[in-house]
Amino acid sequence: MISTRKLLFSTTVLAGIMSFSAPAFAQSAPAQEQEATQVEEIVVTGSRIRRDPTNSATPLIQVEREALLTTGQSTVIDYLATIPALSNSVVPSDTTGGNLNDGGLSLPNLRSLGSGRTLTLVDGRRHVGAAQGSLAVDIDSIPRLLIQNIEIVTGGASSVYGADAVSGVLNFVLRKDFEGLEIDANYGQINQNGEANNRVSALAGINLFDDRLNLYAHAEWDRNEEIKTLDVDWLRDGWLLLGIDADPAATPFDGNTDAILFNNVRRLDRPRWGSTTLANSQPASPLNDPDVPFATCTSLTSPNCYAVDPTRTYWFDGTTARLANFGQRIGNTGTNRVFNIGGDGEPIANFGQESRVGESESQRYQVGSTFAITDNISLTGEYKFITEDTFDVSQPTFFSAFLSNTTYAANQTNVVRAVSQFDLRLDNAFLPSNLRDAILANVVQNYSAPTATQGSQPTTTTARPWAEHRMFGPQRTQDNTREVERFVVGLNGTHDRFLFVDNIAWDLSYVYGEARNENFERGVDVLRFALAADAVVDTAGVLGTPGAIVCRSRLIAASGGVAADRLRGGDLRDSAQGTLDLNQCVPLNIFGEGNQSAEALNYVDATISVSHVNEQEQILGAVSGQLWDFWGAGPIGVALGYEYRREYTEGLGRTRSTGDRLLFLNTGADFPGAEYETDELFAELAVPLFRDGWLGDYAELSGSYRYADYSTVGEQEVYGVNLVYRPIQEIAFKTSFNTSIRVPNLAENFSPFSQTFFNAVNDPCATANIIAQTNTEIRNNRIANCTALAAQQGLTFDFAGATATNVDDFNPIYGSGVAGVNGGNPFLQPEESESFTFSTVIEPSFIPNLSLILDYYEIEITNVIAAVSAQTAANNCVNGASLNSAACATIFRRDPTPGREFYIGAPAGDPIGGFIQGSVNYAALTTRGLDFTARYSYDFEEMNGWNLGRLDYSIGGLWLIEQEQFLNSNDPTDGTELSSGVFFPRVRFTSSLTYTPNSTWSVNWTVDWQTAQDIIDPRDFINNADSRPVDGLNTGNFARHDFTVRWNVRDDLSVRAGVVNAFDAEQSRYLGTATTSNFDPWGTRFFIGLNYRPF
C-alpha cells in the first residue's frame, strides 16, 4: 500500500513544500495565442465544483482541437500516443494481423497500466466500449472536427468519475452552439512507400428563434490504405539476429560472440507453397562447442529428420523441382539451420503477418441540438452513427505434408494428423518425377553421439524413403465491420440562489450506446485441403477422362471403395458435409508457388463469422453550488450526484458457423447475454482555507467520495483528498491522494466456457506435497487451509503427514486429466488502486510568459485481474495465510466417487467439471514518475519593439522512475521491473518550437525524443557477455523530427503542409521484424490539408 506517511503528506501544507516534485497540475495557457500543433497543458477543474481554474487541484493535460487537425498523424490516437503519459496506447497497427475481431481499434492507455484502466468520457458522460464485454472506448469513433478539446486526468479519479478511472480519465469535450459551415480535409502519407490516409470532415450549424435553438450536423469520411510488410523499407531489408556460436551450459561465456546481426535474410524451410526436404540426419558438434545438438531421425513425422540441407532440400521452378540455392548460408547453431543470404527462400519479414496496418474506411455522422427552454434551463440532444470497415491479412495458413508410401494404401484416403499436418503418397500426380525418384532412393546417414572434444562420426545408413513438404498456404484474412450508435438527451440549468446555496449548476442526462461488430475470417478447410492435395492420375478414366488428374477420394468412391472420412469417421458419404467434400473435390497442386488453380483454391476456402453487441445505458444527475464563506477565504464548494449504469453484451461465436468442419481458423462458443447494473451516489466538497493572508496567497482542501452498488460485486466505496497551497502568486503546490477501483468487465466475468483438461494434477493438499514443500510458511499455511477446506465438506485428514500408524492422510491418485473449462470467472472482485501526486507550478513574474511544471505521481494497483492455470489456482487457494476465496471459487472438490470426495473433480456430465481456468485477482502493478513541462513565449514587438513576430517553445515529458508488475502467483512479492525496457523509456519528451512571423504564416518544429531502451536485461548480459554485440543491448536513443507550415490564405481559408519523421529515424535492427509503434516504424512521409469556413 501507499504509506500512511504519504496520505498525511497529501493533507499537510508545509511538509515537503520546498521539494520540487511534479505536477498532476495543468498550467494556465500564456496570454499569447499558442501554435496549433502544440500540446497545451492548462488547468481545468476535473471536478463538478466550479472554481477558479488556477486553483484546481486536479492533474490534467488539455489537448486543443487545432492540434488534432493540424498534426501529420492520421488518427487521434496516433497523436495522443506521442504524449509521454499515453505513449503505450493501442494504435491501429497494434490491432492488425495477429489479433482477432479488433482490427483498427484505438484505445488510450494512461501510464501504461492497460487500456481497460483508463476511463474515456464524452462531455463527462460514458461511452460504450468497443471489444466484446469491454469498457475500453475506440476513440477514433469520436468525430475529430467535433472535438473542442481533450481533458486528460493523469491519476486515479474513481471518486469523481466512477469505476475504471484507475490510471486516469480522458474527457472529450465537444463543440457547442456551432454556427456556420466548416470543412476540413487532409491527405497524408502513412508510410514512406506512399500508402496514404484521406479524410474529409464537414460541420454545419445554425441558430434559430433568436439564438434559443442551435442545430448542428457533422459528417466525416476517412480512409486508410493498407500497409503490407514489404511496403516498409527496413522490413524489406530483412534484418535478423542469428546464433553463430552455442556455449556449453557450464561455460556460457567462452569469448566467442554467440549471435550477430545479418540483413537480407531469407528462410528456406517454409516458403509460399513450399520446399521439400528429404529425410536426413545432421552430424552433431563436440560437446565443448555444441553448435549443432545431437539428434536422430527415427520416425516419419520426427522434426529431427528434416533439417534443410543443400543436398536434400528441393525448390520449385514452376512445375519442376531442383536442389535449392542456399546462397550464403548463415546461422551455425541448431539442427535445422534454415537461414541464408541470397539464393532461394522466403524473405524473413514474410514469416509474420502480411498487413502491418489494415485497410480501413470509416464514416462518422452526428447531429445534435440545444434548445434554451428558459434563460436558465436548456434541453440538449445528440445522435451519432459510426460505421467502419477494416481488412487485414495475418500470417498465412501453414502445413506439413509427409511424403511416403507407408501410412495409407493407394486405395485409401490420406491420413490427416492435425490441423496443419497430413500425409501424401509418392504417386501424387503433381509431385515432379525427379523429386519422386530422389525420395524413393533416399538413404539416411546415421551418426554416433558426440564426445566432449569430437563431433558425431558416420556410422550406419538406413533407407528412409520419406520427405516433408513444408509450406505457407492460402492467406488468412479478416474483414471486420464495426458500427456504433449513441443517443444523448439532457437537461441542464443554472440558478443564482436556492435557500442557502449560491451559483447553482445542475445537469441531468440519459445516454444509450450500442456497438455492433461482425468479423468475417477467411482461411482453409483442412480436410478439403488434404483431400485436394491427394491428387492422382485417373489412368482408366473412371471419372470420365483417361489420364486426368483427380482427387484420390473421388476415384476411390467411383471405383466402389470406401472413401474414409478422417475427421468424422466412417465414409465421407455418411454425412451431408462429407458428401459435399467428396463430390466437390478439385485437385490442388501444393508443389511450388503459382501452380494452384482458382477452382482448387475456391474448393479449400473456408469462411466463418463472429459477431457481438455491447449496450450501455447511463442516467447521470449532478448539482453543484457554493455554500457559506465563513472566514473570508471564499465560499465552500459542494457537488452531489447520482448515476445509474447498465452494461450488456452478447455474441455469436465462431463454432456456430464452423459446423462439423475442421478449419485452419479459430473457434469459440456463443456468448449468451450478460449484464450488470450499478447505482452510485457521489459527492465533492471544496473548503478554501485562507486567501491573501499571512500564510500565503491561497489554500484549499477538497475531498470526494463515491458509493456504488454493483449487481456483480456488491457495494464499493472510493474517496479522494486534495490540497492546493499557493504561498505567493507565482508558485503553487498541489497534492492529492485518491483510491479507485476497476470492476471486472463482462468478458472477464462471463466469457463462455470451452472444455479443457487439467493433466498431471499436483494437488497442493496432498500430504506428500505438503511435506515436500521447502517453504515453511507455505507448508504451515497449506496444513491449516486444507484442513479448513476439508471441514467445509465434513471431512477430516491429517495434512501434517502420515506415520506407520496414521492412515488418515490425504493421498490422491489422479489417473487421468481432470475435465474443466476455460472461461470467465464470475467470482472476480474489483481491482483496487491508490494514487498519490505532488505538484509544483512556477510562473515567475520577472520572466513573462514562462511557466514551469513538475508533477510527481505514484500509482499502486492491487487485486489485479490476471489469467492463471488450474494448477496455479489450486496452489493460490491454500498457499496464503488464509483461504484465498477468489482462487478457491475456481477449484471444485466434488468427485462423487466414494473415497474421492475431496479430489479435484465433479460428477460425470457436469457442464463445468472440476475447475474454471481463467482470470483471478492476484497480481499487482505499480508505477511512479515525474512529468515535467516548460513553456515560454517571446513576442519580439512586445519585448523590444521589433516587428519580427513571435516565438513559442514548449517541452513536456516524463521521467519514468519505476514501472513494475507482480505476476508471480507463487510469490506475489516477486516483481518484474519494466522501466528502461522496450516501450518503457526512462525519459521521453516532446519539444515544440513555433515561429509566427505574422498573422499569415507559422512554422513549427517538433521533436519526439526518448532514451535508449534495453532489448535484453543487462544482468543477463553480465552473466553471458559474449551473447551478442554490445550495440545490441539496447535500442539507442530515438528522435523523430516533424515540420509543419501553416498559411492563412484569408480569413476563411487556411492551408497546412508538413513532413513527419523528416530524417527517417528507424527502430533498432536488433528488434527484429516486429513493428514497435513507439519508434514510429513508417519512415519519412508528407501531408497537406486545408480548413475552409465560407460562413
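Note that our numbering has the sequence shown beginning at 89, numbered continuously upward. All C-beta atoms in this analysis are idealised placements derived from N, C-alpha and C, irrespective of residue type, glycine included.
1. Quick one: what does DSSP say W1089 is sitting in, helix, strand or coil?
2. Residues in its own chain within less than 6 Å of L1046 by CB, not counting five upstream and five downstream?
3. Going by DSSP in three states, A955 sits in which element: helix, strand or coil?
4. How about V630 and L619: do their beta carbons lie closer than 8 Å?
5. Is it right to say V1193 is buried, meaning 16 or more other beta carbons lie within 10 angstroms of its own, or is it exposed?
6. Tell me the DSSP secondary structure of N868 in three-state form.
7. Does DSSP classify R205 as helix, strand or coil?
8. With a 10 Å radius around its C-beta and 16 neighbouring C-beta atoms as the bar for buried, classify V481 as buried or exposed.
9. Along the alpha helix (DSSP H) that carries P815, what are the first and last residues, could you check?
10. Can you tell me whether T125 is helix, strand or coil according to DSSP?
11. Could you give the C-beta distance for V151 and S194, rounded to a whole number, given that I count them as a contact under 8 Å?
12. List the endpoints of the continuous alpha helix (DSSP H) containing Q665.
13. With DSSP as the reference, label T478 as helix, strand or coil.
14. Which word fits R1128, buried or exposed, when buried means at least 16 other C-beta atoms lie within 10 angstroms of its C-beta?
15. For R232, tell me which candidate among T158, R814, I724, V241 has the shortest Cα-Cα distance.
16. Can you give the beta carbon distance from S1165 to D182, rounded, assuming they're within the 8 Å contact cut?
17. Specify the secondary structure class of N580 as computed by DSSP and reduced to three states.
18. Curious, which full-length alpha helix (DSSP H) runs of at least 4 residues does the region 948 to 1015 contain?
19. Report back the beta-carbon spacing between S597 and V572 to the nearest angstrom; my notes put them in contact at under 8 Å.
20. Short check: CB of N677 to CB of N683, under 8 Å?
21. Using only alpha-carbon positions, find the residue among G729, E763, D780 that is nearest to Y249.
22. Considering only the beta carbon of each residue, do G326 and I235 sit closer than 8 Å?
23. Could you give the residue range of the alpha helix (DSSP H) that holds Q742?
24. Quick one: residues in its chain with C-beta nearer than 8 Å to the C-beta of L750, no 5 flanking neighbours on either side, listed in chain order?
25. I think I724 touches L715, with their Cβ atoms under 8 Å apart; what is that distance to the nearest whole Å?
26. Taking the alpha helix (DSSP H) that N1111 falls in, what are its first and last residues?
27. Flag this pair as touching only if the region 842 to 855 and the region 904 to 911 have three or more C-beta atom pairs under 8 Å; answer yes or no.
28. Of the choices L971, P147, A603, S1042, whose alpha-carbon is the least far from that of A218?
29. Measuring alpha carbon to alpha carbon, tell me which residue in T985, N1149, Y945, A1022 is nearest L198.
30. Have a look at E803 and S927 and give me their C-alpha separation to the nearest angstrom.
31. Judging by CA-CA distance, which residue of A860, Q861, A854, N863 is the nearest neighbour of C874?
32. Identify whether N530 lies in helix, strand or coil by the three-state DSSP scheme.
33. Considering only the beta carbon of each residue, do Q1005 and A958 sit closer than 8 Å?
34. Does the count of Cβ pairs from the region 354 to 370 and the region 532 to 544 closer than 8 Å reach three?
35. Identify, in the order they occur along the chain, each residue of the same chain with its Cβ nearer than 6 Å to the Cβ of S107, setting aside the five sequence neighbours on each side.
Once the coordinates are examined:
1. Numbered from 1 along the sequence shown, position 1001 holds the residue referred to as residue 1089. If DSSP states are grouped into helix, strand and coil, W1089 belongs with the strands.
2. Residue 1046 sits at position 958 when you count from the first residue of the sequence shown. Annotation for L1046: P172, G1017, D1019, R1076 place their beta carbon closer than 6 Å to its own, counting only its chain and skipping 5 residues before and after.
3. Counting from 1 along the sequence shown, the entry for residue 955 is found at position 867. Three-state result, A955: strand.
4. In the sequence shown, counting from the first residue as 1, residue 630 sits at position 542. In the sequence shown, counting from the first residue as 1, residue 619 sits at position 531. In this structure, L619 does not lie closer than 8 Å to V630 by Cβ.
5. The structure shown has nothing for residue 1193, since the chain only spans 89 to 1183.
6. Translated into positions along the sequence shown, residue 868 becomes position 780. Helix at N868.
7. As a position in the sequence shown, residue 205 is number 117, starting the count at 1. DSSP places R205 in helix when its eight states are reduced to three.
8. Within the sequence shown, the letter at position 393 stands for residue 481. V481 is buried by the Cβ-count criterion.
9. Taking the first residue of the sequence shown as position 1, residue 815 is located at position 727. Element bounds for P815: not the alpha helix (DSSP H) but the beta strand (DSSP E), 802 to 816.
10. Position 37 of the sequence shown holds residue 125. Per-residue confidence for T125 stands at a pLDDT of 33, beneath the threshold of 50, marking its modelled position as unreliable; no derived number is given.
11. What you label residue 151 is simply residue 63 of the sequence shown in a count that begins at 1. What you label residue 194 is simply residue 106 of the sequence shown in a count that begins at 1. About 15 Å separates the two Cβ atoms, so there is no contact after all.
12. Stepping through the sequence shown from its first residue, residue 665 is reached at position 577. First-last of the alpha helix (DSSP H) with Q665: 664 to 671.
13. Your numbering for residue 478 matches position 390 in the sequence shown. Under the three-state reduction of DSSP, T478 is assigned to strand.
14. Residue numbering aside, residue 1128 sits at position 1040 when the sequence shown is read from its first letter. It counts as buried.
15. Taking the sequence shown and counting its residues from 1, the one referred to as residue 232 is at position 144. Nearest of T158, R814, I724, V241 to R232, Cα basis: T158.
16. By 1-based counting over the sequence shown, the position of residue 1165 is 1077. By 1-based counting over the sequence shown, the position of residue 182 is 94. That pair is a contact at about 6 Å.
17. Looking up residue 580 in the sequence shown gives position 492. N580 falls in the strand class under three-state DSSP.
18. 958 to 967, 973 to 976
19. Along the sequence shown, read from residue 1 onward, the residue named residue 597 stands at position 509. Along the sequence shown, read from residue 1 onward, the residue named residue 572 stands at position 484. The Cβ separation is near 18 Å, so there is no contact.
20. The residue labelled residue 677 in the question sits at position 589 within the sequence shown. The residue labelled residue 683 in the question sits at position 595 within the sequence shown. Against a cut-off of 8 Å, the Cβ pair of N683 and N677 comes out as a contact.
21. Within the sequence shown, the letter at position 161 stands for residue 249. The shortest C-alpha to C-alpha distance from Y249 to any of G729, E763, D780 is the one to G729.
22. Indexing the sequence shown from 1 puts residue 326 at position 238. Indexing the sequence shown from 1 puts residue 235 at position 147. Result no, Cβ atoms of G326 and I235 do not sit closer than 8 Å.
23. On the sequence shown, residue 742 is found 654 positions in, with the first residue counted as 1. Checking the displayed sequence, the identity of residue 742 turns out to be Arg instead of Gln. Counting along the chain, the alpha helix (DSSP H) containing R742 begins and ends at 742 to 746.
24. The count along the sequence shown starts at 1 and reaches residue 750 at position 662. Closer than 8 Å at the Cβ level, and outside the excluded window around L750, lie V504, V507, D613, V614, L615, L655.
25. In the sequence shown, counting from the first residue as 1, residue 724 sits at position 636. In the sequence shown, counting from the first residue as 1, residue 715 sits at position 627. 4 Å between Cβ atoms; contact.
26. Here residue 1111 corresponds to residue number 1023 of the sequence shown, with the count starting at 1. Counting along the chain, the alpha helix (DSSP H) containing N1111 begins and ends at 1106 to 1111.
27. These segments touch.
28. Your numbering for residue 218 matches position 130 in the sequence shown. Of L971, P147, A603, S1042, the residue nearest in Cα terms is A603.
29. Translated into the one-based positions of the sequence shown, residue 198 becomes position 110. Considering only alpha carbons, the answer is Y945.
30. The sequence position of residue 803 within the sequence shown is 715, counting from 1. The sequence position of residue 927 within the sequence shown is 839, counting from 1. Spanning the two alpha carbons is a distance of roughly 33 Å.
31. For the purposes of this step, residue 874 is taken as the residue at position 786 of the sequence shown. The candidate whose alpha carbon is nearest that of C874 is A854.
32. Numbered from its first residue, the sequence shown carries residue 530 at position 442. It is coil, neither helix nor strand.
33. Along the sequence shown, read from residue 1 onward, the residue named residue 1005 stands at position 917. Along the sequence shown, read from residue 1 onward, the residue named residue 958 stands at position 870. Contact flag set, yes.
34. Yes, the region 354 to 370 touches the region 532 to 544.
35. One-based indexing of the sequence shown puts residue 107 at position 19. Residue confidence is low: S107 scores 29 on pLDDT, short of 50, so the model does not pin down where it sits. Its coordinate-derived value is still stated next. Contacts found: none.
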